[in-house]
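Asker: Here you go, one structure.
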Amino acid sequence: MENTIINSMKKRRTIYNLGKELPVMKSTLEDAVRGVIKYAPSAFNSQTSRAVILYDENHHWLWDLILSKLVAMIEDPEQKKQTEEKIAGFKAASGTILFFEEMTTIRSLQEQMPLYSENFALWSHHGTGMAQFSVWTVLAELGVGASLQHYGNLIEEEVHAHFDLPSSWSLIAQMPFGSIEKDPGDKDFLPSEERVRVIA
Ligand SMILES: Cc1cc2nc3c(=O)[nH]c(=O)nc-3n(C[C@H](O)[C@H](O)[C@H](O)COP(=O)(O)O)c2cc1C
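Counting from 1, one number per residue, gives the positions in the sequence shown under the working numbering.
Right, here's the structure in full:
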């Protein structure tokens with residue numbers, strides 16, 4: 001039987017060759033992100049996921065910042081060139097979605113329920129993963145390509161200051177998105193029997 005959700009999941013891939021021509025209106029994309037952030041589940045319905053959508057010069061500022069941080073750490077000219085090319089690929093996209101977790105709520109839950117204290121940090125990461133995956137899948141359904149990147153530790157302070165974001169928002173992931181300029185190759189799958197057992 002055709003399953004529309006699984007079909008959408010199949011469409012979601014890591015797209016590194018992204019361009020600036022979005023196949024949908026920006027407002028459609030923004031509504032989709034709002035919908036996902038609203039309806040993605042969270043531990044104890046804590047609703048700690050946050051998203052910031054950057055376009056144009058804000059998106060460019062982000063990738064220039066990441067590049068500056070990375071090249072400052074790299075000595076080897078060849079590796080530097082590869083990094084410049086990689087980051088230029090992300091900058092060539094239409095925009096970037098930043099994913100955060102709101103830590104004041106998480107800390108307050110940890111205080112309220114000390115028994116689960118350690119788990120709240122884990123569940124926060126589960127929750128953001130669900131939100132990220134859902135945004136990525138919804139974008140794919142709209143024909144928008146994306147990839148998932150993790151440079152938060154290098155840029156968090158500057159991102160907070162530049163976009164005037166609450167310091168309680170912890171930066172988890174960056175998702176460059178845009179037109180799909182090159183389809184990804186095939187990917188390998190382990191046999192389902194190895195990964196899913198039915199015990200009846
Ligand atoms: C939790 C998680 C972290 C990931 N981190 C990165 C990353 O930092 N950089 C990157 O290019 N891809 C990242 N990816 C993308 C994976 O490499 C990719 O999803 C995987 O190879 C399968 O390919 P597909 O997305 O085309 O299905 C991440 C994916 C997941 C689920």
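Glycine is no exception: its CB is placed at the ideal position from the N, C-alpha and C atoms. Fair warning: this is a prediction, and the values are worked out from it, not measured in the lab.
When you compare only the Cα positions, how much space is there between ALA40 and LYS10?
Answerer: As a working mapping, residue 40 is identified with position 40 in the sequence shown. As a working mapping, residue 10 is identified with position 10 in the sequence shown. Cα to Cα, ALA40 sits roughly 19 Å from LYS10.
Asker: My guess is that ALA51 and VAL33 are in contact by the Cβ rule of under 8 Å, so how many angstroms apart are they, rounded?
Answerer: Within the sequence shown, numbered from 1, the residue matching residue 51 stands at position 51. Within the sequence shown, numbered from 1, the residue matching residue 33 stands at position 33. Between VAL33 and ALA51 the Cβ distance is about 6 Å, and since that is below 8 Å, they are a contact.
Asker: Take the Cβ of SER117 as the centre, count every other Cβ of all protein chains shown within 10 Å, and call the residue buried at 16 or more, exposed below.
Answerer: On the sequence shown, residue 117 is found 117 positions in, with the first residue counted as 1. Burial call: exposed.
Asker: Compare the C-alpha of TRP123 against each of ALA200, THR48, ILE6 and name the closest.
Answerer: For the purposes of this step, residue 123 is taken as the residue at position 123 of the sequence shown. Answer by Cα proximity: THR48.
Asker: With DSSP run on the structure shown, which of helix, strand or coil describes LEU22?
Answerer: Along the sequence shown, one-based indexing puts residue 22 at 22. If DSSP states are grouped into helix, strand and coil, LEU22 belongs with coil.
Asker: Determine whether the beta carbon atoms of TRP136 and LEU148 lie at a separation below 8 Å.
Answerer: For the purposes of this step, residue 136 is taken as the residue at position 136 of the sequence shown. For the purposes of this step, residue 148 is taken as the residue at position 148 of the sequence shown. Yes.
Asker: Use the C-beta contact count for ILE199: other C-beta atoms within 10 angstroms, 16 or more gives buried, fewer gives exposed.
Answerer: The residue labelled residue 199 in the question sits at position 199 within the sequence shown. The residue is exposed, with fewer than 16 neighbouring Cβ atoms inside 10 Å.
Asker: May I ask which residues mark the beginning and end of the beta strand (DSSP E) holding ILE97?
Answerer: Residue 97 sits at position 97 when you count from the first residue of the sequence shown. Unbroken beta strand (DSSP E) run through ILE97: 95–102.
Asker: In terms of residue numbering, what span does the alpha helix (DSSP H) encompassing ILE5 cover?
Answerer: Along the sequence shown, one-based indexing puts residue 5 at 5. Per DSSP, the continuous alpha helix (DSSP H) segment holding ILE5 begins and ends at 4–11.
Asker: Which same chain residues end up closer than 7 Å to ALA131 when comparing Cβ atoms and leaving out the 5 residues on each side of it in sequence?
Answerer: For the purposes of this step, residue 131 is taken as the residue at position 131 of the sequence shown. VAL36, ILE37, ALA40, SER49, PHE99.
Asker: What's the C-alpha gap between THR95 and ILE180?
Answerer: For this step, residue 95 is matched to residue 95 along the sequence shown. For this step, residue 180 is matched to residue 180 along the sequence shown. This sequence places Gly at residue 95; Thr is not what is there. Looking at the two C-alpha atoms, the distance is approximately 13 Å.
Asker: I'd like to check one pair, ALA93 with PHE177: are the Cβ atoms closer than 8 Å?
Answerer: Residue numbering aside, residue 177 sits at position 177 when the sequence shown is read from its first letter. Residue numbering aside, residue 93 sits at position 93 when the sequence shown is read from its first letter. Their beta carbons are under 8 Å apart, which means PHE177 touches ALA93 by this criterion.
Asker: Which residues in the same chain as LYS20 place their Cβ atom closer than 8 Å to its Cβ, once the five residues preceding and following it in sequence are excluded?
Answerer: Translated into positions along the sequence shown, residue 20 becomes position 20. So the qualifying residues of the chain are ALA92, ALA93, SER94, GLY178, SER179.
Asker: State the CB to CB distance for the pair MET103 and SER170, rounded to an integer number of angstroms; the pair is presumed to be in contact (CB under 8 Å).
Answerer: Indexing the sequence shown from 1 puts residue 103 at position 103. Indexing the sequence shown from 1 puts residue 170 at position 170. A Cβ-Cβ distance of about 5 Å is found for the pair MET103 and SER170, placing them in contact under the 8 Å criterion.
Asker: Which term fits PHE120, buried or exposed, when burial requires 16 or more other beta carbons within 10 angstroms of its beta carbon?
Answerer: Within the sequence shown, the letter at position 120 stands for residue 120. When all chains shown are included, PHE120 counts as buried.
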